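Structure record follows, encoded as structure tokens.
Protein chains: 2
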Amino acid sequence: MAELVRVVDPADERLADYVRLRDVSLRRHLESEQGLFIAEGEKVIRRSLEAGYRPRSLLLSERWLAGLADLLDAHPDVPVYVVDEALAEQVTGFHVHRGALASLHREVRHTVAELLALDRLVVCEDVVDHTNVGAILRSAAGLGFDGCLLAPRAADPLYRRSVKVSMGAVFSLPWARLEDWEDAVGLLRRAGFLTVALALSEDAVDLPRLAADLEARAAAGTPARVALLLGTEGAGLSPHWVEQAEVVARIPMSRGIDSLNVAAAAAVACYALGPAGRPRHTQQHP
Amino acid sequence: MAELVRVVDPADERLADYVRLRDVSLRRHLESEQGLFIAEGEKVIRRSLEAGYRPRSLLLSERWLAGLADLLDAHPDVPVYVVDEALAEQVTGFHVHRGALASLHREVRHTVAELLALDRLVVCEDVVDHTNVGAILRSAAGLGFDGCLLAPRAADPLYRRSVKVSMGAVFSLPWARLEDWEDAVGLLRRAGFLTVALALSEDAVDLPRLAADLEARAAAGTPARVALLLGTEGAGLSPHWVEQAEVVARIPMSRGIDSLNVAAAAAVACYALGPAGRPRHTQQHP
């Protein structure tokens, strides 16, 4: 069993990893300086540990001890801070209704080169909202994409909100940070990807048309390796990335709605261009 | 020009519509009692007024006056409370970074009977998260569904967060509240809908298979009117609704991911079963 430490002082230094979880700029600074990230909720904590991330500590209210007992047993050297919910709220700055937090060591798990060897990538340009990055990783993984590349300004997949919204997909789907925004699409093209910019340009090909073309290409024995480019909330992809991409695809829109949320658009495009969207008899990766 | 009222006291009664916007239980009570809802951000406020909702008042910081001048001119009898951003934050309880809020009169715009006369419906069982309801309405509208029905316990489409995330789709897509959870699927069936439960049952049909079947049916001149049933976050649809539905469909999942977020799943299913997902030459509603 891990060491249980009951903490009653919200200023206790041992809780420093968990302070003011809603203060994005403070957390960015603290987490990169300390090399940590936060997992929230039993299921997500479980998945972080199963994926081999090393815990620094856990912060739990009493009632979560039983449910997590197996994990605590498996990590006997990790301090477990047991607090009441009022104190957890004082420290973290919000009502931790799932009552369980873990602080874990950050790791760089994959290189850009490793990602470039895969077959189907989602590439986030400046998707800056953590909720969207988490949702995109979850959908990409669930819909059979192989990995995710992130432009330098895209949001951090290991930020608490991203981790939580991804339901732990950030631990299982390979991802890496691009160093160079300028040459990103060029890099993907030289690595042999068909670069597909998702954008609402007038001259874009409709997504179902592109999906049918790619299916025909696969059926002819020359499947394309696809890099799906997704742009920032609001403005979408930069003109630079759109110009550099070989294909610009659009999701046909109805009822005067000008666009989908980027996470919804990502899910639709991963479905249309990945294995999930094909009836089973023609599926490439069953 | 509308009447500009500079307010400097956060306790001013005229700002009562805007208090503590993050306090969900307070807001629920206040909004239903007063028959109001809040629109946030220039674009969404604009869409609410274009859709004919009647404003009670606006709350703006100085710098938004110019951008909204045409709207203020068009509603000369509506009070416009001009405040500095610190006061706006004191009243509403959060940093209103888009700097513009409107309070509008609620209206029941559509009946369940009207919705039952349409061709493609999304039906939310107990989707309780406002962000998800807003995202689902936006995707359903953008991807060519005709309306949305909500079970009695589903989140309110006119709640501030829903409105904002929908980017105003709540104003253009018809929706209505079901009175009876128990008989909802029966009601849809009697109205002639093919009821499709989106669920991850083992014996479910894969979504692309169902889409192909429906396309064949449409090509044969007997298109189905589809009601897509979506369940609550986490647990999904109730066994009662799943049992009552004629078809259970699943989105094929990869990489050990157990499910998509309900808003992502809704977008994928609306794409697959609606007009957006068909190459143009076979599209039913171009």
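If you're matching them up, the sequences are chains V and E in order. Numbering-wise, the UniProt record's numbering puts 194 at position 194 of the first sequence, and it's gapless, one number per residue. Numbering-wise, the UniProt record's numbering puts 150 at position 150 of the second sequence, and it's gapless, one number per residue. C-beta atoms are modelled at their ideal positions from N, C-alpha and C, and glycine is treated no differently. Only a predicted model underlies this, so the values are computations on that prediction, with no experimental measurement involved.
Nonlocal neighbours in the same chain, by C-beta distance under 8 Å from residue i, ignoring five residues either side
i         : result
E:Gln-284 : Because the pLDDT of E:Gln-284 is 42, which lies under 50, any placement of that residue in the model is unreliable, and the question is left without a value.
V:Asp-203 : Val-248
E:Thr-111 : Ala-176
E:Pro-174 : Arg-109, His-110, Glu-114, Leu-115, Leu-118, Asp-146, Gly-147 and Cys-148
V:Ser-254 : none
E:Pro-10  : Leu-87, Gln-90 and Val-91
V:Gln-34  : Asp-17
Endpoints, the alpha helix (DSSP H) within which residue i is located
i         : result
V:Tyr-271 : 262-273
E:Thr-195 : Careful: E:Thr-195 lies outside any alpha helix (DSSP H), inside the beta strand (DSSP E) at 193-198.
E:Val-226 : Taken as a continuous stretch (DSSP letters only), E:Val-226 belongs to no alpha helix (DSSP H), being part of the beta strand (DSSP E) at 225-230.
E:Ser-166 : Segment: none, E:Ser-166 is in no alpha helix (DSSP H) and carries neither H nor E.
E:Ser-139 : 130-142
E:Leu-101 : No alpha helix (DSSP H) holds E:Leu-101; the beta strand (DSSP E) holding it covers 100-105.
V:Pro-239 : 239-244
E:Ala-219 : 207-219
Same chain, Cβ closer than 6 Å to residue i, neighbours up to 5 away in sequence not counted
i         : result
V:Thr-282 : With a pLDDT of 43 at V:Thr-282, under the threshold of 50, the modelled position of this residue cannot be trusted; read the value that follows with caution. If we look at V:Thr-282 and ignore the five residues flanking it on each side, it has no Cβ neighbours.
E:Ala-2   : Leu-72, His-75, Pro-76, Val-78 and Val-80
V:Leu-150 : Cys-124 and Arg-177
V:Phe-193 : Arg-225 and Ala-227
E:Pro-286 : Here E:Pro-286 scores only 37 on pLDDT, less than 50, and its place in the model should not be relied on; the value that follows carries that caveat. No residues qualify anywhere along the chain.
E:Asn-132 : Val-262 and Ala-263
E:Glu-89  : His-95
E:Glu-179 : none
V:Tyr-53  : Leu-104
V:Leu-58  : Val-80 and Ala-102
V:Ser-48  : Ala-39, Leu-104 and Phe-171
V:Ala-269 : Leu-198 and Leu-228
V:Glu-233 : Asp-129 and Val-262
E:Leu-188 : Thr-195 and Ala-227
E:Gly-236 : Ala-199
V:Pro-152 : Trp-181
Span of the beta strand (DSSP E) around residue i
i         : result
E:Pro-55  : 55-61
E:His-110 : Taken as a continuous stretch (DSSP letters only), E:His-110 belongs to no beta strand (DSSP E), as it is neither H nor E.
V:Ala-249 : 247-250
V:Leu-4   : 4-6
Neighbourhood of residue i by C-beta distance below 7 Å, restricted to the same chain and skipping five residues each side
i         : result
E:Leu-21  : Arg-27, Ile-38, Thr-92, Gly-93, Phe-94 and Arg-160
E:Ala-245 : Val-185, Thr-195, Val-196, Ala-197 and Leu-229
V:Glu-13  : none
E:Leu-36  : Asp-17, Arg-56, Ser-103, Leu-104, His-105 and Arg-106
E:Glu-31  : Phe-37
E:Asp-84  : Ser-61
V:Ser-162 : His-130, Val-133, Gly-134, Ala-155, Asp-156 and Val-170
Which residues DSSP lists as bridging residue i, in chain order
i         : result
E:Val-185 : None; E:Val-185 has no bridge partner.
V:Arg-120 : V:Val-226
V:Leu-176 : Checking the displayed sequence, the identity of residue 176 of chain V turns out to be Ala instead of Leu. In the DSSP output, where bridge partners are listed per residue, V:Ala-176 has V:Leu-149.
E:Gly-236 : E:Thr-232
Inter-residue CB distance, residue i and residue j (contact presumed, cutoff 8 Å)
i         : j         : result
V:Val-247 : V:Val-196 : 5 Å
E:Leu-207 : E:Ala-266 : About 12 Å separates the two Cβ atoms, so there is no contact after all.
E:Leu-200 : E:Ser-139 : At roughly 19 Å, the Cβ-Cβ gap does not stay under 8 Å, so E:Leu-200 and E:Ser-139 are not in contact.
V:Val-82  : V:Val-5   : 7 Å
E:Gly-134 : E:Val-165 : 3 Å
E:Tyr-18  : V:Tyr-271 : Wrong, their Cβ atoms sit about 40 Å apart, outside the cutoff.
E:Arg-106 : E:Leu-158 : 6 Å
E:Leu-121 : E:Ala-211 : With 8 Å as the limit, E:Leu-121 and E:Ala-211 do not qualify as a contact, their Cβ atoms being about 17 Å apart.
V:Leu-15  : V:Val-7   : 6 Å
E:Gly-142 : E:Lys-43  : No, E:Gly-142 and E:Lys-43 are not in contact; Cβ-Cβ is about 15 Å, not under 8 Å.
Residue i Cβ short of 7 Å to the ligand ZN heavy atom set
i         : result
V:Arg-138 : With respect to small molecules bound, the structure shown includes none, and the ligand ZN cannot be examined in it.
Segments of 3+ residues assigned as beta strand (DSSP E) that fall wholly inside the stretch 64-88 of chain E = Within the stretch 64-88 of chain E, the complete beta strand (DSSP E) segments of 3 residues or longer fall at 80-83, listed in chain order.
Entirely within the stretch 12-52 of chain E and at least 3 residues each: give me those beta strand (DSSP E) ranges in chain order.
-> The stretch 12-52 of chain E is shown to contain whole beta strand (DSSP E) runs of 3 or more residues at 36-40, in chain order.
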